[in-house]
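Structure, as structure tokens:
Residue numbers (the UniProt record's numbering): 1 to 758.
Take a look at the structure:
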């Protein structure tokens, strides 16, 4: 019964152990579904289920019939045109990161949008090239093609070699794209969308920042127009920088000046778009403006021949025929493709989640995997490269009023017009301009360096994950760096649970509230009772740490006390058998003039016997181990008689740690310290019972519902009517409670004898 009194309450109920609560309140029988039940449900078929599956695989069927043409179409048209123009330029720019001709970037900006229109669940993200993924694909291309380029160097025809090398790069890029799409599709069909949870926000932030640094370094050769050899092994970023700085005197000044001017202009206008986005009807399409101007200036002043700048070159209109993936490359790039698949999904899903929360509509992680997987398979088959969603492009689609993926479809139409009609107009465009546009889109990602300070103030572990992920991705490369980062992140989780911050609790204000006794001054700890909280799971890796922390909390090692008592008991037995020991009401009287025994002999030959429970049934008297023993037999005295283990935060206990926990409990029980475990659920106790945890020493009666139940049980069991409290602990307090004979709690207004006050 709960009786409210103002902003306080009175609880009156018996003291419950887990057993007594189970006897008084019978549990309902619940049927837990087995694997076979889930399999039957999965294989069952009905009209309703078929319709639900069809709608889940083709989300367009659920939202397109309810499309509001009058309200949404105009906004989607404006958004689609703006997003399409950005997609064209980003496709051209990000193709340089993949080290393939820019025209294939248009394919990567077109095909995934078409597939995602039918299969995607997000209404606002713009699917297509993403700089981090493009950089990852480019690293794989560089790694695989480096061997082929070495072989081709011996040939005489330079032009022929370049054509073959370009074709080889394209095959590798498209094959990796198809393979990553297959991986995403399989993960989606198997409903393994949860795999993204292993990439934390800190890890993704640091990884994308490191990838942006890789992008920055990779674009230096286009901005300076230098011949930098490809490097794909670990430390490649440092080798590229070395190549750049050793050739710095060969810099093409025209390319450098052009790229710097473009960078400054793009940064300034992006800042204007960000600062005045509430006042601007649409963001200023600065990428389009500078591209048109740069193309016109380059063509008008003939930069290619006058200043020897590198340009995009011939841009064939129309589509090229599909390409067949190379199965041999599948075997060589499976690991990198898996990383590309996971990173692409993680970025797309995180951006989609932001918009789904903002506009209150659901998204399905598994369907997103299927949509992205089929998008990449389709794109790779038509000479494109892996995509996800660029944050800037998705921001344009949402900020210009895009309501649905109709805006995405219209953006694909803009890209289509460029591919089939006006791509040739971009032939005079300098590659340094595309490199500058690629770097201009990295501003938001590079600003993530500010995360370090924020994470340091909030969580040191997350800050360490960020720093180490960045270092791994920079030093080892993006593929190995991602694997090492995930491994390090999981290792920090192990450390967090292994090195848990255990606490010793006490009463706060003599209520039923228990807090860390170091945090508050007004704390009360019953004499001879220790309350120990474990805030993490207990498993094979931290059971030793748990044992040591518990020993530190109680102030002694129970096994050492047990051995000392058993050794003392052996000596007392010998004295008693020889008639040299007499027991009086005042204690022991030893009549022996001298008695010697070998502690070393006991330690070496009878150690197992010393670890057994203390048995005094053969003696005609009881031994008080906290009193003085005869012949100055020294045994450490302990005041602890009850130990409460708060396991409310222990989510699981494995078999290995179960043995260690039982040994710890047995050691305490054998030296007459009662152990109680509180806060566990019924499944925890049932698991212990299944594993035969309980015996004559460790019984299932040690479990109590709460800390307060265990404390009240101890106080009644130890008969605290003859109070042993200090006078300074008896002072009147606002939230005093009293113990009823039935174990209930009463508010302090009720008058009870002082000795029963708790």
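No residue lacks a Cβ here, since even glycine has one placed at the ideal position from N, Cα and C.
Item: Residue 400, DSSP secondary structure in three states; Value: coil
Item: Endpoints, the alpha helix (DSSP H) within which residue 214 is located; Value: 201-218
Item: Residue 515, DSSP secondary structure in three states; Value: strand
Item: Beta-ladder partner(s) of residue 389, from DSSP; Value: 127
Item: The segment 128-143 touching the segment 349-356, judged by at least three CB pairs closer than 8 Å; Value: no
Item: Burial state of residue 209 (16 or more Cβ within 10 Å); Value: buried
Item: Residue interval of the alpha helix (DSSP H) (run including residue 643); Value: It is not in any alpha helix (DSSP H) - residue 643 instead sits in the beta strand (DSSP E) that spans 642-646.
Item: Spatial neighbours of residue 303 in its chain, beta-carbon cut-off 7 Å, leaving aside the 5 residues before and after; Value: 254, 309, 430
Item: DSSP state of residue 231 mapped onto helix, strand, coil; Value: coil
Item: Residues that residue 676 bridges to, as DSSP identifies them; Value: 644
Item: Residues near residue 374 by beta carbon distance below 8 Å, same chain, minus five either side; Value: 115, 119, 181, 185
Item: Runs of alpha helix (DSSP H) wholly within the segment 454-510 (minimum 4 residues, chain order); Value: 460-476, 478-498
Item: Helix, strand or coil at residue 17 according to DSSP, with G and I counted as helix; Value: strand
Item: Within 7 Å, strictly: CB atoms of residue 102 and residue 292; Value: no
Item: Collapsed DSSP secondary structure at residue 8 in the structure displayed; Value: strand
Item: Closer than 6 Å: residue 365 CB and nearest the ligand SAM heavy atom; Value: This structure lacks the ligand SAM; in fact it carries no ligand of any kind.
Item: Residue 306 - containing beta strand (DSSP E), residue span; Value: From DSSP, residue 306 is part of no beta strand (DSSP E) but of the alpha helix (DSSP H) over 303-306.
Item: Stretch pair the segment 526-535 + the segment 710-718: three plus CB contacts closer than 8 Å; Value: yes
Item: Environment of residue 424 [buried if 16+ CB atoms lie within 10 Å]; Value: exposed
Item: At least 3 beta-carbon pairs within less than 8 Å: the segment 561-572 vs the segment 615-628; Value: yes
Item: Exposed unless 16 or more other CB atoms sit within 10 angstroms - verdict on residue 94; Value: buried
Item: Beta-carbon spacing of residue 346, residue 196 below 7 Å; Value: yes
Item: Coarse secondary structure for residue 621, derived from DSSP in three states; Value: coil
Item: Reduced DSSP secondary structure (H/G/I, E/B, other) of residue 292; Value: helix
Item: Under 7 Å between C-beta atoms of residue 412 and residue 397; Value: no
Item: Environment of residue 361 [buried if 16+ CB atoms lie within 10 Å]; Value: exposed
Item: DSSP state of residue 449 mapped onto helix, strand, coil; Value: helix
Item: Local Cβ density within 10 Å of residue 534, reported as buried at 16 or more and exposed below that; Value: buried
Item: First and last residue of the uninterrupted beta strand (DSSP E) at residue 530; Value: 529-533
Item: Alpha-carbon to alpha-carbon, residue 507 and residue 733; Value: A caution first: residue 733 carries a pLDDT of 38, below 50, which makes its placement in the model unreliable, though a value can still be read off. So the two alpha carbons sit approximately 13 Å from each other.
Item: Pair within 7 Å by beta-carbon distance, residue 684 and residue 675; Value: no
Item: Host alpha helix (DSSP H) of residue 650 (start-end); Value: Looking at the DSSP string, residue 650 is not in any alpha helix (DSSP H), and its letter there is neither H nor E.
Item: Anticipated Cβ contact below 8 Å, residue 96 with residue 435, distance rounded; Value: 6 Å
Item: Host alpha helix (DSSP H) of residue 237 (start-end); Value: 236-246
Item: Whole-angstrom distance between residue 134 and residue 280, CA atom to CA atom; Value: 31 Å
Item: Simplified DSSP assignment, three categories, for residue 815; Value: Here the chain covers residues 1 to 758 and nothing more, so residue 815 does not appear.
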